[in-house]
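Numbering (this note's numbering), first residue to last: 275 to 1240.
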């Protein structure tokens, strides 16, 4: 409930930076009384036609009364928001609360009239759609449930803004005016519309920086060396296809070129549009450079300069100011402390980075938060013969993050597989949502650095998560992310997923000329959960023709889903090692795979077999998408004769890695596709099998994701009653309280609203009260202690079960108090006996970064000591509930281990879904624990429950699009 003071206080939390349809940014904020001059200037730049559509009559100028009305708001019943670029208005929106007669009103009236005005030069950029999302969120916060709008029939653009928003709406036509009414409660369609707009806008914001028509390097030094001069030469050496300019305020008068590139002392002196500026100047000169770029209309920045978030609090404050300044001008920013950007597309050839060479073109997208790791990965991928579509090393990623790049890759036809090295995830909730969508189209492989550290890397100012790494990792796996532990695994999995089709299952055929290497591969398959067949030993006398025949049979067999070929040098007729046949073997394997009637993944494990690695990667260079075969990412590749293609670069890596680049994959597994192919090769069976296992897991995830299940509706759920109970508990708190942990009675009452009954437990402050409680409940009973510091400690013996009568109960009470302390310390309770079964624990937590998470495990040592706990993001579907029960290592205890009777897992799954529904419906429930939950053969019994309530965040998960503020 707002106080009179609240009604006029400035709502700073409504401020937001947003990405518009064309990839530029704008700032949305409440309009204040200080905006009078901005409003007048804005209105003067609006066309007469737009003014007519807004006011339904010629309205050339705002009167003083109009200006006052449109700049003075109470932020409750009258609210105005403006979208700004460069500090100036480009659009406004306003609502006025009205009653059922259309007259000005106050709460509890829940309808408002809304109107927009967008400057003509910014129409078509999605400004009105973004403003509608934000003004709708403000209205919901102020208790408004419906918007009404009157629009002239000719104003088709504004009608489209309303009709395309996805809200439930009603439309009528009267007196020459279109009347629209929008219900502001988010719907599945409105969220889908919002997410689709977000994806297009953020993807476009990255795309226009990765494919600029012109680049200015600011800070290109006059002498050799230095970061700016290096970036300039890397752009030249890479053959950048657009316009290139060198900028340095210290260039002498008359100098007009640098390394053959037009040179200028300022960006504004260029006189032509600049899409991307690379800043390589000291941190104290960056603000001046950013201002110049903004005034010149530069679209985006790559800030190579250091001295920001990586350098203590002063640097982090400087970093925040940098982002604010760039966004003020509508620019997006990579960095600061960035390594740079790379786009290998032949029509772009952008190497705006510190990498001295433009990587070879390919189908892999690479994102890193570390320049050093980026260098290592570029080197490793080059050594493996793998090509890149794009590379982004975002440094401190103060603005553009992995989420933005993921949005770009989702639609990028040149990227089949995405590889990411992340040291922190700024918005895990959004990342998992984006990853789930992206992974259905193309594999996403992630390695996390600093995952066991106590803190986030200092240069990454992100929302903290209370979840351990294992939990975050499990949630990423649920979203379809291929998780690996090292950068070597990242490359191993990446080249396989880029080169090969996804396996249909876990069955693996193994063949080769070394029995020992075959057995090692067999053991590795078992360790990774695959199902290998007995290795086929071709003996050391096997020739490439023998390999060809064996591989052909394995690919044609219905008994295998993937093939691992092992190879060692073989002995010639005079006992000498034969090396040249390695090239012949590689050619034989490639041709066999290309001619196979069914596409299956094939990997090679080799030991010091010269020429094999180069031969396996000697297929044609990766080409842009064309009619032909498809990879797991879904991009179409050109079909080429096997004899066509450029040879791979000479392999000079002294380590174990060997080249492995793209192999086209058939979209129809029943049809042969005569394409050139590449086969990934590995120096150890463990690495090959580990990569293959990741591909198997991802293939299974894709199958499961095709039918994610449903979030069930429970007819006995009383959502409104629970909301009233929660509101009453929170309203009773002191103003300074941050939350509350309700007592047992209130907890049980709230759970009952969601059909989650708990077994009654009556307090027993002394033995006589214990006997009275038992008489009410009926024998046999249990006596247990509930003091917070002693709960769930079976090692202390704080529970006595199957107490058959008063004598047993009094004796147990005396033993507990004598052993563990006074009743006041122990908080004993008496409880009815539950049916015997398996003790489990169900928890839910609202994490500030990841969102609501549901967890399940067996109570006691399995979950607490061994960490055998499964996690799912809320809301949980019926398939999620079934999988979470089965995914813990101790799950066999629920399904009849060693002859025991199976328990009622169906009832357990329903309980999990009810808990999920509770925390999803009520974000005020920030923590919930049911422990123990006894699952018997025919029922589920909750013996203990606790929860934590706190006011819901003002901007919930259904809030409007906004860029993060770090």
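For each residue, glycine too, the CB sits at the ideal point set by N, CA and C.
- Message: Taking its Cβ as the centre, do 16 or more other Cβ atoms sit within 10 Å of residue 1010, making it buried, or is it exposed?
- Response: exposed
- Item | For residue 593 and residue 564, believed in contact at Cβ under 8 Å, the rounded distance | Contact flag wrong, Cβ pair sits at about 12 Å.
- Nearest-angstrom Cα distance between residue 472 and residue 293? 8 Å
- Item | For residue 832 and residue 758, the rounded distance between their alpha carbons | 30 Å
- Task: Could you name the residues that DSSP lists as bridge partners for residue 1215?
- Result: 1208
- Item | Three or more C-beta pairs below 8 Å linking the region 378 to 392 and the region 401 to 409 | yes
- Is residue 432 helix, strand or coil when you go by DSSP? helix
- Item | Residues near residue 474 in its chain [Cβ-Cβ closer than 7 Å; skip 5 each side] | 295
- Task: Count the other CB atoms, across all protein chains shown, that sit within 10 Å of the CB of residue 524; report buried if there are 16 or more and exposed otherwise.
- Result: exposed
- With residue 420 and residue 358 assumed to form a contact (beta carbons below 8 Å), what rounded beta-carbon distance in angstroms separates them? That pair is no contact at about 28 Å.
- Is residue 544 helix, strand or coil when you go by DSSP? helix
- So what does DSSP say about residue 959, is it helix, strand or coil? helix
- Task: Look at the alpha carbon of residue 556 and the alpha carbon of residue 585, and state the distance between them as a whole number of angstroms.
- Result: 14 Å
- Please work out which residues of its chain come closer than 7 Å, Cβ to Cβ, to residue 361, disregarding the five sequence neighbours upstream and downstream, and give them in chain order. 602
- Taking all protein chains shown into account, decide if residue 1205 is buried (16 or more other Cβ within 10 angstroms of its Cβ) or exposed. buried
- Query: Since residue 757 is in the alpha helix (DSSP H), which residue starts that stretch and which ends it?
  - Reply: Where residue 757 is concerned, there is no enclosing alpha helix (DSSP H), although the beta strand (DSSP E) it sits in stretches over 756 to 758.
- Uninterrupted alpha helix (DSSP H) stretches inside the region 348 to 435 (no shorter than 4 residues): 401 to 415
- Query: Just how far apart, CA to CA, sit residue 1120 and residue 641?
  - Reply: 29 Å
- What number of angstroms, rounded off, separates the C-alpha of residue 432 from the C-alpha of residue 414? 21 Å
- Task: Check whether the Cβ atoms of residue 643 and residue 477 lie closer than 8 Å to each other.
- Result: no
- Message: On the CB-based measure, 16 or more other CB atoms within 10 Å of its CB, does residue 777 come out buried or exposed?
- Response: buried
- Task: Reducing DSSP to helix, strand and coil, say where residue 1058 ends up.
- Result: strand
- Query: Can you round the beta-carbon distance between residue 750 and residue 692 to whole angstroms, since I take them to be within the 8 Å contact cut?
  - Reply: Between residue 692 and residue 750 the Cβ distance is about 13 Å, and since that is not below 8 Å, they are no contact.
- Under a three-way DSSP split, which group does residue 947 fall into? Because residue 947 sits at a pLDDT of 31, beneath the cut-off of 50, its placement in the model cannot be relied upon, and the following sentence gives the value as read from the coordinates. Reduced to three states, the DSSP call for residue 947 is coil.
- Task: Out of 550, 560 and 1216, point me to the one whose CA is closest to residue 1114's CA.
- Result: 1216
- Take the Cβ of residue 745 as the centre, count every other Cβ of all protein chains shown within 10 Å, and call the residue buried at 16 or more, exposed below. buried
- Exposed unless 16 or more other CB atoms sit within 10 angstroms - verdict on residue 968: buried
- Item | Classification of residue 1001 by the beta-carbon crowding that lies within 10 angstroms, buried from 16 upward | exposed
- The alpha helix (DSSP H) spanning residue 803 covers which residue range? Run containing residue 803: none; DSSP gives neither H nor E here.
- Nearest-angstrom Cα separation, counted from residue 1170 out to residue 1212: 13 Å
- Message: Can you tell me whether residue 443 is helix, strand or coil according to DSSP?
- Response: strand
- Task: Determine the direct distance from the alpha carbon of residue 1195 to that of residue 1227, and round the result to whole angstroms.
- Result: 14 Å
- Query: How about the region 754 to 770 and the region 814 to 833: do they share at least three Cβ pairs that are nearer than 8 Å?
  - Reply: no
- Query: Which residues in the same chain have their Cβ closer than 6 Å to the Cβ of residue 381, if we skip the five residues on either side of it in sequence?
  - Reply: 417
- Could you tell me which residues DSSP pairs with residue 784 in its beta bridges? 838
- Item | Residues bridged to residue 453 (per DSSP) | 424 and 446
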